[in-house]
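Structure first, commentary second.
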Amino acid sequence: MAGTTSVVVLSGGISHERDVSLRSGRRVVDALSRLGWRVSTAEPDAKLLPLLLERRPDVVWPALHGASGEDGSLRALLDVSGLPYIGSRGPAARLAWDKPTAKRLVEVAGGATPASVTLTREVFREIGARSAIDTILGSMTDGLVVKPARGGSAQGVTVVDTAEQLPRALMDAFTYADEALIEQRVVGTEIAVGVLDGDDGPAALPAVEIVPRSGFYGFEERYTAGETRFYTPARLDPAVAAAAGELAVLAHRAMGLRHLSRADLIVDASGRPWFLESNVMPGLTETSLLPQAILSTGRDLSSAYAAITERALAEA
Ligand SMILES: Nc1ncnc2c1ncn2[C@@H]1O[C@H](COP(=O)(O)OP(=O)(O)O)[C@@H](O)[C@H]1O
Ligand SMILES: [Mg+2]
Numbered sequence: 001m002a003g004t005t006s007v008v009v010l011s012g013g014i015s016h017e018r019d020v021s022l023r024s025g026r027r028v029v030d031a032l033s034r035l036g037w038r039v040s041t042a043e044p045d046a047k048l049l050p051l052l053l054e055r056r057p058d059v060v061w062p063a064l065h066g067a068s069g070e071d072g073s074l075r076a077l078l079d080v081s082g083l084p085y086i087g088s089r090g091p092a093a094r095l096a097w098d099k100p101t102a103k104r105l106v107e108v109a110g111g112a113t114p115a116s117v118t119l120t121r122e123v124f125r126e127i128g129a130r131s132a133i134d135t136i137l138g139s140m141t142d143g144l145v146v147k148p149a150r151g152g153s154a155q156g157v158t159v160v161d162t163a164e165q166l167p168r169a170l171m172d173a174f175t176y177a178d179e180a181l182i183e184q185r186v187v188g189t190e191i192a193v194g195v196l197d198g199d200d201g202p203a204a205l206p207a208v209e210i211v212p213r214s215g216f217y218g219f220e221e222r223y224t225a226g227e228t229r230f231y232t233p234a235r236l237d238p239a240v241a242a243a244a245g246e247l248a249v250l251a252h253r254a255m256g257l258r259h260l261s262r263a264d265l266i267v268d269a270s271g272r273p274w275f276l277e278s279n280v281m282p283g284l285t286e287t288s289l290l291p292q293a294i295l296s297t298g299r300d301l302s303s304a305y306a307a308i309t310e311r312a313l314a315e316a
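Residue numbers (UniProt numbering): 1 to 316.
Take a look at the structure:
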């Protein structure tokens with residue numbers, strides 16, 4: 001098929017992860033062009049669907065992060081257009097994009113995820129902020145994390161240490177989404193575990209350990225060089241690393257994810273991994289988490305990205 005396979009890589013978009021997406025897209029283009037495939041790029045704008053329908057590439061690679069690429073809507077359009085693409089299908093991406101839903105599916109499948117309450121803005125207003133906050137604080141005491149139910153890049157996420165911080169944290173979360181997820185804080189080692197579909201089903205890559213200088217893996221810590229140190233593989237006991245891999249695969253299966261995903265987990269002091277979320281299109285640049293894990297296995301990104309594409313082509 002080499003020389004004839006045509007791929008359109010989608011990158012850019014209007015999310016705050018536009019720059020990362022452009023870099024992810026370039027990396028994918030680079031990897032696939034080396035195989036002699038016809039690779040072009042497109043932005044997710046008003047011209048996209050007419051262009052794809054006219055060109056009908058063999059496969060589309062949506063290297064888009066954040067809402068437009070990960071919330072499932074663009075993927076749903078690709079589904080109805082009958083265009084093969086890389087990554088999770090629309091309905092599955094939608095489940096992963098909604099953090100409370102993803103947590104529930106993982107829990108039902110037997111995985112651990114921090115206790116949480118999800119509040120809509122309406123209920124917060126109707127019930128009264130004060131009584132909602134008092135009720136939450138009455139049952140969840142040891143430190144909380146408040147975040148938008150849907151979103152990324154730690155935007156609108158606050159670690160709440162004292163009761164006084166909770167109202168502000170909720171307001172911050174509500175500026176990004178209509179629902180806020182109030183989650184029990186897990187103190188421990190933050191890791192990201194990539195999952196790739198293989199012939200024997202989904203398999204976990206080595207965990208990447210994330211050590212932000214500030215102690216919180218926020219927006220700056222993600223996109224400013226030197227703010228975060230990474231260890232690949234994570235400095236974990238082998239049994240703990242294996243449990244983390246199992247949890248990431250469990251999440252991938254529980255949501256019906258496809259081809260690739262990356263679970264964000266925290267390992268607590270007792271060595272138990274807790275599920276925070278799964279990302280259906282994680283960063284794909286050399287310095288991104290999933291690629292670091294691929295590189296740590298001795299594999300190069302070009303062959304890994306080609307293998308993912310071959311899988312999608314074989315399914316088409
Ligand atoms: N329950 C939690 N306990 C401790 N830290 C958390 C918790 N939830 C989130 N965090 C921190 O906030 C960051 C962002 O949360 P996450 O759920 O991964 O959302 P996103 O990456 O989509 O913004 C995580 O990388 C982690 O550092
Ligand atoms: Mg995350």
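Yeah, the Cβ is synthetic: ideal placement off N, Cα and C, and Gly gets one too.
Bear in mind that the values here come from a model prediction, so they are computed numbers and not experimental data.
{"Item": "Would you kindly report the start and end of the unbroken beta strand (DSSP E) that includes W37?", "Value": "Taken as a continuous stretch (DSSP letters only), W37 belongs to no beta strand (DSSP E), as it is neither H nor E."}
{"Item": "I need the residues with a C-beta less than 5 Å from some heavy atom of ligand 1; please give them in chain order.", "Value": "P114, V145, G152, A154, V157, E183, R185, V186, Y217, D264, L276, E277"}
{"Item": "Is the CB-CB distance between I266 and V186 below 8 Å?", "Value": "yes"}
{"Item": "If I measure Cβ to Cβ from G87 and keep anything under 7 Å in the same chain, skipping five residues before and after, which residues do I get?", "Value": "P62, R258, H259, L260, V280, M281"}
{"Item": "Are at least three pairs of beta-carbons, each pair with one atom in the segment 231–248 and one in the segment 270–280, less than 8 Å apart?", "Value": "yes"}
{"Item": "So, using beta-carbon positions, are A7 and V39 closer together than 8 Å?", "Value": "Contrary to the premise, residue 7 reads as Val rather than Ala in this sequence. Against a cut-off of 8 Å, the Cβ pair of V39 and V7 comes out as a contact."}
{"Item": "Please list the segments of the alpha helix (DSSP H) lying wholly inside the segment 195–267, counting only runs of 4 or more residues, in order along the chain.", "Value": "219–223, 238–254"}
{"Item": "My understanding is that L236 touches L290, with C-beta atoms under 8 Å, so please give their C-beta distance in whole angstroms.", "Value": "So it is not a contact: roughly 17 Å between Cβ atoms."}
{"Item": "Determine the direct distance from the alpha carbon of I308 to that of G198, and round the result to whole angstroms.", "Value": "9 Å"}
{"Item": "Mind the definition here: the segment 88–97 touches the segment 64–71 only if three or more C-beta pairs lie below 8 Å; say whether that holds.", "Value": "yes"}
{"Item": "Candidates Y176, A177, T158: which alpha carbon is nearest R168's?", "Value": "T158"}
{"Item": "At the level of alpha carbons, what is the spacing between D142 and P238?", "Value": "29 Å"}
{"Item": "Using DSSP's beta-bridge definition, name the partner residues of S296.", "Value": "The partner list for S296 (beta bridge, DSSP) is empty, contrary to what the question assumes."}
{"Item": "Do you know how far the Cα of A173 is from the Cα of F219?", "Value": "14 Å"}
{"Item": "In whole angstroms, what is the alpha-carbon distance linking Y305 and R311?", "Value": "10 Å"}
{"Item": "Please go through the segment 45–84 and give each complete alpha helix (DSSP H) segment of 4 or more residues, from N-terminal end onward.", "Value": "48–55, 67–70, 73–81"}
{"Item": "For G143, name the three-state secondary structure that DSSP assigns.", "Value": "coil"}
{"Item": "Kindly indicate which residue of A92, R56, H16, V28 has the alpha-carbon position closest to the one of R253.", "Value": "A92"}
{"Item": "Taking the alpha carbon of S81 as the point to measure from, which residue in G110, E54, Q155, P114 has its own alpha carbon closest?", "Value": "E54"}
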